[in-house]
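Residue numbers (our numbering): 219 to 972.
One structure is given here, and the rest of the page talks about it.
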Amino acid sequence: MTDYGHDLTFGTFLTPQAAEPDAPVALAVLTEQAGLDLATFQDHPYQPAFLDTWTLLTWAAARTERIHLAANVHNLPLRPPAVLARSVASLDLLSGGRAELGLGAGAFWDAIEAMGAPRLTPGEGVDALSEAVDVIRGLWDTSDRRPLRAGGRHHHVAGAKRGPAPAHDVGIWIGAYKPRMLRLVGEKGDGWLPSAAYLQPGDLARGSRTIDEAATAAGRDPREVRRLLNIAGRFTPATQGDLVGPPEQWVDELVRLALEDGIGTFVLGTDDPATIRTFAERVAPAVRDQVGAARAASGTPTGTVRPAVALAARVAGIDYDGVPPGLDAVEPGDRRYAGLRSTYMRHGAPGLVLRPRGTAQVVEALDHARHQRGPLSVRSGGHGISGRSTNDGGVVLDVGALDQVEVVDASARRVRLGAGATWGAVAAALAPHGWAVSSGDYGGVGVGGLATAGGIGLLGRAHGLTLDHVVAAEVVTADGTVHVVDADHEPELFWGLRGAGGNLGVVTWVEVVAAEVADVVFAQMVFDASDPAALVARFAQVVEDAPRELTSFLHVSAGRGGRRPVAQAMTVWAGDDTVQAVAALEPMLGVGPVVEQEAQVVPYAGVVSPVARHHDGGAPPVSRSGLLPSCTPEAAEGLGRVLASGDAMLLQLRATGGAVNDVAPDATAYAHRHQRWAVAAFSGRSDRAALDATWDAHAHPHMDGLYLSFETDPRPERLLEAFPEPTLGRLRALKRTYDPDHVFDQNFPIDPAG
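Here's what the structure looks like:
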């Protein structure tokens with residue numbers, strides 16, 4: 219008697235008959251409407267009276283919204299596993315994570331052979347299925363960038379590219395009856411899917427015992443294998459046999475199967491709508507209730523079972539079992555971990571990623587995270603140049619799910635932005651209103667990080683920093699208190715959040731006042747940068763002399779490997795007046811030898827466009843940065859030397875000033891209100907000593923302050939450059955009030971003790 223504690227699910231096993239092609243789809247829709255969890259279809263590709271099951275699955279997915287869908291089971295000899303892997307992953311992505319994969323080794327070999335597939339012996343069929351599982355799992359594993367080489371004599375891939383990855387952990391459910399197949403289920407399967415009609419008394423217990431022994435021998439927890447069962451029967455007023463009788467009899471029988479044989483999913487084979495409704499309304503809920511009560515009384519563990527391999531990957535010093543219920547937690551052994559461990563610039567290896575879905579869960583996540591060993595990183599978009607939103611061995615609090623974009627007052631152009639929204643998504647949402655918020659130059663940047671650090675963007679000279687548009691915010695401080703702050707409510711905390719937010723708490727949303735900006739003129743120019751110092755000097759002079767409607771960023775790359783050095787200018791005129799824009803842009807053609815140029819009128823959302831959020835990172839980034847009041851010839855010469863040294867592969871100049879400098883230095887914790895340029899240099903190596911020496915010798919003497927988002931130098935003197943007095947003193951006072959234990963110590967940390 220074994221109850222594996224799996225959450226109970228219920229579904230249907232439908233005939234894919236072709237005579238009335240919409241009938242099986244309608245039954246799948248009914249399955250969902252009745253409240254069941256799963257719809258499955260037979261797969262017999264050689265049967266001319268049946269619809270193709272794969273095509274049917276896609277059609278049913280489009281007609282439903284909630285239920286999971288699977289073949290019961292796919293006829294592997296006629297479904298090449300490499301193609302099947304991509305088909306299932308694609309359906310899972312298109313359906314929002316609702317595809318599952320049932321697999322069988324094959325039966326009815328005369329019909330299979332007639333369709334062109336080779337006949338296999340039973341032993342060969344098991345081998346082929348084992349190879350297929352390896353191929354399928356390998357193609358889904360996009361965390362490994364190497365081409366896939368897997369399989370064996372029957373199914374193999376030789377250097378296939380991996381992907382796409384499914385939207386969720388697709389279960390591979392194997393139809394099995396004989397010992398070798400059962401052992402394969404235990405070694406590699408996520409579920410065992412037999413049909414009760416083919417089982418003899420005691421077969422369920424014997425099969426589970428074989429599966430459990432094989433799973434244990436393979437280093438797995440037997441609970442990793444869900445036990446599913448295809449059942450059939452009729453509802454009648456009186457008992458006439460197994461599953462032939464009133465609903466109460468069905469409940470009794472299924473409860474026994476769940477508690478004594480560990481069945482977690484019951485799949486009813488029927489094409490009768492009335493039977494489906496009765497099963498959903500009178501049987502499934504009662505079985506859930508009775509099994510739940512029995513488990514509570516016996517103390518049977520329930521819920522998600524972490525695979526043994528995932529448990530082995532856990533990091534010492536982190537309380538995984540203490541994660542608050544309902545809080546999405548991703549561990550190093552989980553499939554999703556590869557897509558969450560790193561940032562845009564840095565490869566990370568955190569011990570736990572917590573993904574709250576609302577403010578209350580942020581409070582829970584923060585309370586749990588702050589008591590774990592290792593660093594705590596807070597992440598909104600994960601694009602930060604510094605890579606501080608990941609770590610090694612600690613906890614990442616990822617607010618990416620807090621991604622709402624909501625207009626709260628159209629007359630005032632006031633918009634609430636979730637900290638996890640990206641600026642590309644914000645730009646797209648505001649475009650229909652003819653509004654925009656200056657927000658860097660890349661759509662994948664998160665709202666939370668940029669809006670609380672600064673936000674030097676391509677509308678900056680015309681409309682200021684991103685944080686200059688923030689009029690309110692919600693923040694969870696270290697003790698778990700939720701504060702809603704603005705100029706009238708906790709104004710000092712509101713002041714500090716705009717420039718040093720990463721030191722003070724986890725911001726969940728900000729409210730901004732958008733600017734009236736619809737279309738802009740966007741120009742891109744590429745120059746020969748053989749003389750980088752001269753090019754930088756001329757570029758800076760043109761931009762400094764231009765109207766504030768023009769903002770431009772220059773990216774200068776060092777020539778390596780026989781390639782000439784080039785520079786790219788990205789320029790935005792904040793409006794659609796092409797006459798004025800052309801007049802302002804024409805002087806830029808004299809900055810240096812022009813290699814390419816183009817300009818067009820586009821929505822601001824076409825400049826900062828939405829991008830997919832998947833970060834692979836790399837070696838910890840090495841950068842140096844600073845702010846220039848003006849890019850003098852001497853400063854340009856120093857920057858040219860940095861680039862020519864070979865210690866920097868890329869130099870960036872971002873124009874600021876204009877509306878940015880209309881704001882008083884003490885109005886926000888971003889105090890740099892007289893500078894005109896944010897400059898950064900990036901090394902192509904992970905050793906920072908060479909870039910530090912070159913920057914300190916040639917560039918740093920010209921700098922006056924720095925923008926923390928582009929700086930990775932950990933030396934303490936950088937702190938005062940980012941937060942000049944009296945700003946730093948005010949921030950220390952805020953730290954003593956809101957974070958006296960220095961919980962937030964990763965993003966340009968300000969020690970409250972000084």
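Every residue, glycine too, gets a C-beta built ideally from N, C-alpha and C.
Handout entry: Beta carbon of glutamate 729 nearer than 9 Å to that of valine 693
Key = Not in contact: glutamate 729 and valine 693 (Cβ atoms no closer than 9 Å).
Problem - Buried versus exposed call for serine 516 [16 or more other C-beta atoms within 10 Å across all chains shown] - result: exposed
Handout entry: As assigned by DSSP and simplified to three states, the class of glutamate 816
Key = strand
Practice task
Decide if the stretch 625-643 is in contact with the stretch 839-847; the criterion is three or more beta carbon pairs, one per stretch, under 8 Å apart.
Solution key: no
Handout entry: Coil, strand or helix - histidine 916 by DSSP
Key = helix
Handout entry: Spatial neighbours of glutamate 708 in its chain, beta-carbon cut-off 8 Å, leaving aside the 5 residues before and after
Key = His701
Practice task
Would you mind listing the alpha helix (DSSP H) stretches within the stretch 670-705 that are 4+ residues and don't spill past its ends, in chain order?
Solution key: 678-681
Handout entry: Option in Asp539, Ala866, Met921, Tyr660 with minimal Cα separation from valine 826
Key = Tyr660
Exercise for the section: Could you name the residues that DSSP lists as bridge partners for alanine 654? Expected result: Ala733
Exercise for the section: Out of Gln815, Pro883, Gly322, Leu357, state which residue places its alpha-carbon closest to the alpha-carbon of glycine 407. Expected result: Measuring C-alpha to C-alpha distances from glycine 407 to each of Gln815, Pro883, Gly322, Leu357 identifies Gly322 as the nearest.
Handout entry: Residue-chain proximity (threonine 434, chain B), Cβ-Cβ < 9 Å
Key = Here there is only one protein chain, and chain B is not present.
Exercise for the section: Assign glutamate 939 to buried or exposed, taking buried as 16 or more other Cβ atoms, counted over all protein chains shown, within 10 Å of its Cβ. Expected result: buried
Exercise for the section: Determine which residues share a DSSP beta bridge with proline 821 and list them. Expected result: Asp737
Exercise for the section: Buried or exposed for serine 629, please, with buried defined as at least 16 other CB atoms from any protein chain shown within 10 angstroms of its CB. Expected result: exposed
Handout entry: Segments assigned alpha helix (DSSP H), at least 4 residues, entirely inside the stretch 385-427
Key = 397-406
Problem - Selection from Leu926, Asp225, His372 that minimises the alpha carbon distance to isoleucine 603 - result: Leu926
Handout entry: Close beta carbons around valine 353, own chain, < 6 Å, minus the five adjacent residues each side
Key = Pro299, Ala300, Ala368, Gly369, His373, Val375
Problem - C-beta atoms of valine 501 and phenylalanine 228 nearer than 9 Å - result: yes
Handout entry: Straight-line Cα distance separating threonine 230 from glycine 459
Key = 21 Å
Handout entry: Sequence-distant residues of the same chain with beta carbon closer than 8 Å to leucine 319, five excluded per side
Key = Taken in chain order, the residues that qualify are Ala288, Ala289, His292, Leu302, Val306, Ile354, Val388, Gly389, Ile390, Trp391.
Practice task
Pick helix, strand or coil for isoleucine 481, following the three-state DSSP scheme.
Solution key: coil
Practice task
Report yes or no: do the stretch 776-792 and the stretch 709-726 share at least 3 C-beta pairs separated by less than 8 Å?
Solution key: no
Handout entry: Buried/exposed call for aspartate 914, threshold 16 Cβ in 10 Å
Key = exposed
Handout entry: Contact set for aspartate 546: own chain, Cβ-Cβ below 6 Å, skip 5 residues either direction
Key = Arg573
Handout entry: Exposure label - serine 748; buried when at least 16 CB within 10 Å
Key = exposed
Practice task
Taking all protein chains shown into account, decide if histidine 589 is buried (16 or more other Cβ within 10 angstroms of its Cβ) or exposed.
Solution key: When all chains shown are included, histidine 589 counts as exposed.
Practice task
May I have the straight-line CA-CA distance separating glycine 425 from proline 412, to the nearest angstrom?
Solution key: Near 10 Å, if we compare the C-alpha coordinates of proline 412 and glycine 425.
Practice task
Return the chain-ordered list of same chain residues with a C-beta closer than 7 Å to the C-beta of serine 863, the five sequence neighbours on each side being excluded.
Solution key: Thr912
Problem - Close beta carbons around aspartate 345, own chain, < 8 Å, minus the five adjacent residues each side - result: So the list reads Gly370, Arg371, His372, once near-sequence residues are dropped.
Practice task
Tell me valine 614's beta-bridge partners as DSSP assigns them.
Solution key: Val571, Ser595
Exercise for the section: Give me the Cβ distance between alanine 736 and glycine 652, rounded to the nearest whole Å; I'm assuming they're in contact under 8 Å. Expected result: 4 Å
Exercise for the section: For the alpha helix (DSSP H) containing glycine 636, list its first residue and its last residue. Expected result: Segment 632-636 is the beta strand (DSSP E) holding glycine 636; no alpha helix (DSSP H) there.
Practice task
Go to alanine 547, then tell me how far its beta strand (DSSP E) extends in each direction, as first and last residue.
Solution key: 546-548
Practice task
Could you spell out the range, first to last residue, of the beta strand (DSSP E) harbouring valine 826?
Solution key: Looking at the DSSP string, valine 826 is not in any beta strand (DSSP E), and its letter there is neither H nor E.
Problem - Closest Cα partner of glycine 482 within the set Val505, Phe326, Met563, Tyr416 - result: Val505
Handout entry: the stretch 438-455 touching the stretch 533-551, judged by at least three CB pairs closer than 8 Å
Key = no
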